[in-house]
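For the protein sequence lines, the chains are A and B, in the order given. Just so you know, we're using my numbering here: the first sequence kicks off at 41 and counts up by one. Just so you know, we're using my numbering here: the second sequence kicks off at 41 and counts up by one.
2 protein chains.
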Amino acid sequence: MPLPASIQAGAGQLPITQSFSVAVSGSHDASLDSEVQRFVAQLSRQTGIPFRSKADAAPTLQIHADHGRQAVQKPGEDESYELIVADSGARLTASTTLGILRGLQTFLQLVQITPAGFAAPAVTIKDQPRFPWRGLLIDVSRHFIPIDVLKRNLDGMAAVKMNVLHWHLSDDQGFRVESKKFPKLTGMGSDGMFYTQAEIRDLIAYAHDRGIRVMPEFDIPGHSRSWFLGYPELSSGAGPYTLEGGGPGPYIDPIMDPTRESTYKFLEKFIAEMAKLFPDAYFHIGGDEVDGKQWDANAKIQEFIHAHGMKNNQDLQAYFNERLEKIVAKNHKTMVGWDEILHPDLPKTIVIHSWRGQASLAAAAKQGYSGLLSFGYYLDLMWPAARHYAVDPMADAAATLTPQEKSLILGGESCQWAEWVTPENIDSHIWPRNAVIAERLWSPQEVKDVPSMYARMNAVSLDLEFLGLTHRSARMHMLHRMAGPADITALRNLADVVEPVKDYNRWDDAKGPIDFHAPLTRMIDAAYPESDVARHFSDLVNTFVQSGYKDQAAEAQIRTWLSTWRDNDAKLRPLDQTFLLKEDVPLSQDLSGLGSGGLQALDYLDKGQTAPDSWKAQQIALIEQAKKPMADMLLMVAAPIQQLVEAGAAQHN
Amino acid sequence: MPLPASIQAGAGQLPITQSFSVAVSGSHDASLDSEVQRFVAQLSRQTGIPFRSKADAAPTLQIHADHGRQAVQKPGEDESYELIVADSGARLTASTTLGILRGLQTFLQLVQITPAGFAAPAVTIKDQPRFPWRGLLIDVSRHFIPIDVLKRNLDGMAAVKMNVLHWHLSDDQGFRVESKKFPKLTGMGSDGMFYTQAEIRDLIAYAHDRGIRVMPEFDIPGHSRSWFLGYPELSSGAGPYTLEGGGPGPYIDPIMDPTRESTYKFLEKFIAEMAKLFPDAYFHIGGDEVDGKQWDANAKIQEFIHAHGMKNNQDLQAYFNERLEKIVAKNHKTMVGWDEILHPDLPKTIVIHSWRGQASLAAAAKQGYSGLLSFGYYLDLMWPAARHYAVDPMADAAATLTPQEKSLILGGESCQWAEWVTPENIDSHIWPRNAVIAERLWSPQEVKDVPSMYARMNAVSLDLEFLGLTHRSARMHMLHRMAGPADITALRNLADVVEPVKDYNRWDDAKGPIDFHAPLTRMIDAAYPESDVARHFSDLVNTFVQSGYKDQAAEAQIRTWLSTWRDNDAKLRPLDQTFLLKEDVPLSQDLSGLGSGGLQALDYLDKGQTAPDSWKAQQIALIEQAKKPMADMLLMVAAPIQQLVEAGAAQHN
């Protein structure tokens, strides 16, 4: 994963033994050398084999690249490779060393445990990406994410061949980049947690070694409250501003003042500094969700709008973007911004980044603008992997574009907005689901088999833990924290069948602004965004139903699960004495009730009896109750158990 | 854990909230400042609370030390502290900042989850160590252990108040320290894996920050094959030597030649260099297991023995040690060595480190030598925690010493010899069992309640994972490696009830020397040294038996376990297709048979029937079979199931 563009199975397999070795010919560079070292180390971790090749032995894997890489990676740089594995050895060739990086990741995924040892199957793979731009956005403003956490996520991105880290570095809740020209940006605009320029350079080098570009985003003129603590003169309101709290509503109102020349002077200096710090050719200026309230309320700004013959705030933002684009271009960068920046006055070089949908991309492409899709790839919405997987940048409105217009769609980016993540649980919000978005953007459009996707995603997920990601192990720590020293088996059973509420249902305006410094230690914070157990259980129930209730193996497995859940609440009882678990008691009780009901339904089915209406009504009431969010979570086995209950209450012969 | 010397419970508890803060008064140093930072970070990790104290609020925890620490930590430096926790705040005082380090670890352990939030119970603790020397030996010769792995183990040591890392840096299988004077020591005497002097200095500073001394060991004149690859003239044989293989028998025969002046010239230069690199006042020269075969076979050496009026090889080693001690002393270090160096010709300043038992310590103390115990603390022997816990440095022969002689026993060291560990699984061989040895050496002698020990050890074990140790998570990775992408539930059930064979039963001379570069990826390498599940199950069976087979709750739990095991082999079946699991098939079958037999025994007991003799004979045969080592592992539930089978076959009324 991602599935290669072309795979041809061969006969036999290449054993991976202690004598495994790599030989490199052709073009060489430091990135390639360090990648080969990492590749060997990772293969050693995966297999547990400490390699000890003899100097005179023939290499197991031969690598050859014709050309080196660009010093600053470009979108569209050749990432293709060819990998031929035979039982006697393997050969990886590519036009560029960047292609070699991609092919080595494919090799790692090919190596499997077999009855005879570790081995890679014989195969011929010819591979190249469908889209040149395959990114992950990480928001580090709402919750600061330390460099080491970003690094392990870069390792994960490289493993699934993603090539852009979109670093969302400033927002209302915090400014995260050291500016030597404007030290108050972090000095007053953050809680003291930010990246030094040395750390940023280090991260960019780390990413480059893995074939990943780093594009910074400084979101303006909206989402920019954090700028105004140190530099209130940039804002369109009176101030003063604080960082406390955050969320939707009035919180996002403060916006930059595009009518003052001083704003542009500031931005000129700031962007010049950042353009040097970030070598990438693209510079993201945000531009989303400018609610315009401060502009409406500011007489001078309204006067400016009239004086310049503008019709509305949108025109004012377009004016701002035009001026901004000139500054960005002067620093030899291409401007990228969200849907809202699309405006015919802007040059065709800019890139439209769509959080709204393929229609925005299509509209932009028709006007000659290139685009990126993030709509459908928001990891923070807690969708199942299959739902992200189904989203295609070329679907819907984009499907009707001409080939030339289509070529303007560069790819997409998954987005990890950070309202509800900490360094502890961010990995589990990104992985393994991000791997399926990576596949969507790399593999041919027709690769869309969902069961195959899940099987491969699960395999990748294990590999990623070997790389140091903590998307699985963190949950264990978090459950232990909730439970204290008690055994967590019952707690894990419960956590296994819940998912966080979807979309923005965790947000609650009634509770006021979000406290971004509150602990994120509830079960919702530990739970995986998608429950594997519930998915498997649902598949089992479907198998059982489709067999006409005759598949005994499936029924036995269903009974085992249902019994576990029925009995789980009693086992959880000593645990609910901790404050972090109190809110989960009703959830646990409901799960127990669902388990009992499911077992009764199976009993009716086994006896060929029709359950009484009163029983059915009672069960359905319980199920409806269990389907409601509790403690901001959903019991994902309610729906398949409803299938059983309805079957048990249906007429049988 | 370790349990403090004196604890007086108070009323109420101190809540740990976002406003938690620390104030330091009195003596200050860089170690203390960094320790306070780490303390706050660890408390934040444990509780998941991002602390945000207000500048003007009263501190939650006040810290005061009267004096600073020695620049180079000494054994016997004051580690006492007093910690008073009240519902309104806590106060930690100590004579030295070293005592503060110890007290902060106690505070971390006090914080628990409660129905109302995280809190530390009100308590007054006065604490000091029983022994001044509480160490962990890590052998890095047989398998190289990287610096980052050592660092996380230093974190673990600090958490349980251990204060010496005994770094076993050279042995037959590899020389691990860069010597600028003798570069061939690592250049030819290692597989390229060794520590640079900069890395060593960094590790020593890291340890010092945590109140831990670092004592190097260079084991001579035996266990020194790795020296002879680069410098064969040091040896008593002809050479040449290689590092390949290793183990008992002829492998350890090569020893240094104590009869040549050139040997001492070499050691003078080498020890001078190392004495500068390692600031600790103690220098361990090994001295164990000199088998003397090369001396016997070397006519010049035998001639030397006669010419100097020595009786035997022991006298020659004493002569060597005397000369060595002068070199060590000239470098302002105190010499430490294993039991075998004890000889009346050596000055009373040396320290005897006993791998043989308390009798060696007693003999040494009677002659005025101080001593350290490691007998009974060998973690590589795979003993259960309770067995290590029962070993006391002052027991047996040492119990009869006079108070003054007793004062010569400085403490002890647990030992992690590295024949069978890699960076991946070393944590699980050391932890959590090392915590109980730490308690033995810190807490009063009368602290010895085993159930309390296990309960507290399990709590510490969870805390250690929050510190970054991988003693639990590594097993999950290793089981996944064995299983490939399959679900590992059944595999975990099996792994949960096995233990590696004990003592040196994994060693097999018949197989020839150990290949120290072979993968350690079998189930024995993943298994915990002590099975919690088997211990719990055994306790349950005892409870059930002692109730006269009437405790229904215990019986229900026993039945759940037995059913799980009975059914587990069928679930494991798809997994045994991988080469790493093949050898475990008989183990899994036996576990299944044990589960069935145990359930049948319970059925007889429930019905008040006596099982037929033929059934009993069949079951006992199966149990005896299951008790034999398979794949170098033991099925730890065989014995308690035997109890059930014998009960089922006994006469009932």
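By construction, the Cβ of each residue, glycine as well, lies at the ideal position given by its N, Cα and C atoms. Only a predicted model underlies this, so the values are computations on that prediction, with no experimental measurement involved.
{"Item": "Strictly by DSSP, which residues pair up with B/Q456?", "Value": "B/I178"}
{"Item": "Leaving aside the five residues before and after B/V330 along the sequence, list all residues of the same chain whose C-beta is less than 8 angstroms from its C-beta, in chain order.", "Value": "P261, G262, I295, N353, Q357, E380"}
{"Item": "Quick check: what's the CA-CA separation for A/K114 versus B/K224?", "Value": "46 angstroms"}
{"Item": "From the beta carbon of A/K191, is the nearest beta carbon of chain B less than 9 angstroms away?", "Value": "no"}
{"Item": "Please compile the residues from chain A whose C-beta is within a distance smaller than 7 angstroms of the C-beta of B/G524.", "Value": "Q152, I153"}
{"Item": "Which one of A/P280, A/T440, A/K622 has the shortest CA to CA distance from B/A156?", "Value": "A/K622"}
{"Item": "What residue from A/L413, A/D420, A/G524 has the CA that sits closest to B/L502's CA?", "Value": "A/G524"}
{"Item": "With distances taken between CB atoms, is the gap from A/S628 to A/D609 smaller than 9 angstroms?", "Value": "yes"}
{"Item": "How would you list, in chain order, the residues of chain B whose beta-carbon sits under 7 angstroms from the beta-carbon of A/L620?", "Value": "I153"}
{"Item": "How far does the alpha helix (DSSP H) with B/S71 in it reach, from first residue to last?", "Value": "70-87"}
{"Item": "Determine, using beta carbons only, whether B/F506 comes closer than 9 angstroms to chain A.", "Value": "yes"}
{"Item": "With a threshold of 9 angstroms between beta-carbons, can A/M518 be considered close to chain B, or not?", "Value": "yes"}
{"Item": "Is B/L530 close to chain A, meaning its C-beta is less than 9 angstroms from at least one C-beta of that chain?", "Value": "A small correction: the amino acid at residue 530 of chain B is Ala; Leu does not occupy that position in the sequence shown. B/A530 does not count as touching chain A."}
{"Item": "Pull up the distance between the alpha-carbon of A/T374 and that of A/E486, whole angstroms please.", "Value": "32 angstroms"}
{"Item": "Whole angstroms are fine: how far does the CA of A/R78 sit from the CA of B/L645?", "Value": "59 angstroms"}
{"Item": "The beta strand (DSSP E) spanning B/H393 covers which residue range?", "Value": "391-394"}
{"Item": "With a threshold of 9 angstroms between beta-carbons, can B/H107 be considered close to chain A, or not?", "Value": "no"}
{"Item": "Under DSSP, the beta strand (DSSP E) around A/P161 begins and ends at which residues?", "Value": "157-167"}
{"Item": "Residues of chain A with a CB under 7 angstroms from the CB of B/S513: which are they?", "Value": "S513"}
{"Item": "Is there a Cβ from chain A that is less than 9 angstroms from the Cβ of B/R473?", "Value": "no"}
{"Item": "Would you list, in chain order, the members of the region 52-77 of chain B that have their beta-carbon closer than 8 angstroms to a beta-carbon of chain A?", "Value": "Q58"}
{"Item": "List in chain order: all unbroken beta strand (DSSP E) runs of 3+ residues lying wholly within the region 473-545 of chain A.", "Value": "538-540"}
{"Item": "Is it true that the CB of A/I367 sits closer than 9 angstroms to the CB of A/L382?", "Value": "no"}
{"Item": "For the region 559-569 of chain A against the region 457-469 of chain A, are there 3 or more C-beta pairs whose distance is under 8 angstroms?", "Value": "yes"}
{"Item": "Could you check where the beta strand (DSSP E) with B/P55 kicks off and where it finishes?", "Value": "46-55"}
{"Item": "If you run the structure through DSSP and keep just helix, strand and coil, what is B/N693?", "Value": "At B/N693, the pLDDT of 48 sits below 50, so the modelled position is not reliable; the number obtained from the coordinates is stated separately. Three-state result, B/N693: coil."}
{"Item": "Under 7 angstroms, CB to CB, which of the residues in the region 491-504 of chain B have a partner in chain A?", "Value": "N498, A499, L502"}
{"Item": "For B/T600, which beta-bridge partners are listed by DSSP?", "Value": "For B/T600, which the question treats as bridged, DSSP gives no partner whatsoever."}
{"Item": "Is there contact here, the region 571-585 of chain B with the region 474-484 of chain B, by at least three beta-carbon pairs under 8 angstroms?", "Value": "no"}
{"Item": "What separation, rounded to the nearest whole angstrom, lies between the Cα atoms of B/P120 and A/L101?", "Value": "Residue identity check: residue 120 of chain B is Ser in the sequence provided, not Pro. Taking the straight line joining both Cα atoms gives about 59 angstroms."}
{"Item": "Which class does B/D211 belong to by DSSP, given the choice of helix, strand or coil?", "Value": "strand"}
{"Item": "The region 268-294 of chain A: which residues have C-beta closer than 9 angstroms to a C-beta of chain B, in chain order?", "Value": "none"}
{"Item": "With DSSP as the reference, label A/L43 as helix, strand or coil.", "Value": "coil"}
{"Item": "Around the Cβ of B/P256, are there at least 16 other Cβ atoms within 10 angstroms (buried) or fewer (exposed)?", "Value": "buried"}
{"Item": "Specify, as a first and last residue, the run of the alpha helix (DSSP H) that B/R265 falls within.", "Value": "265-270"}
{"Item": "Any idea if A/I244 is buried or exposed, counting beta-carbon neighbours within 10 angstroms, 16 or more meaning buried?", "Value": "buried"}
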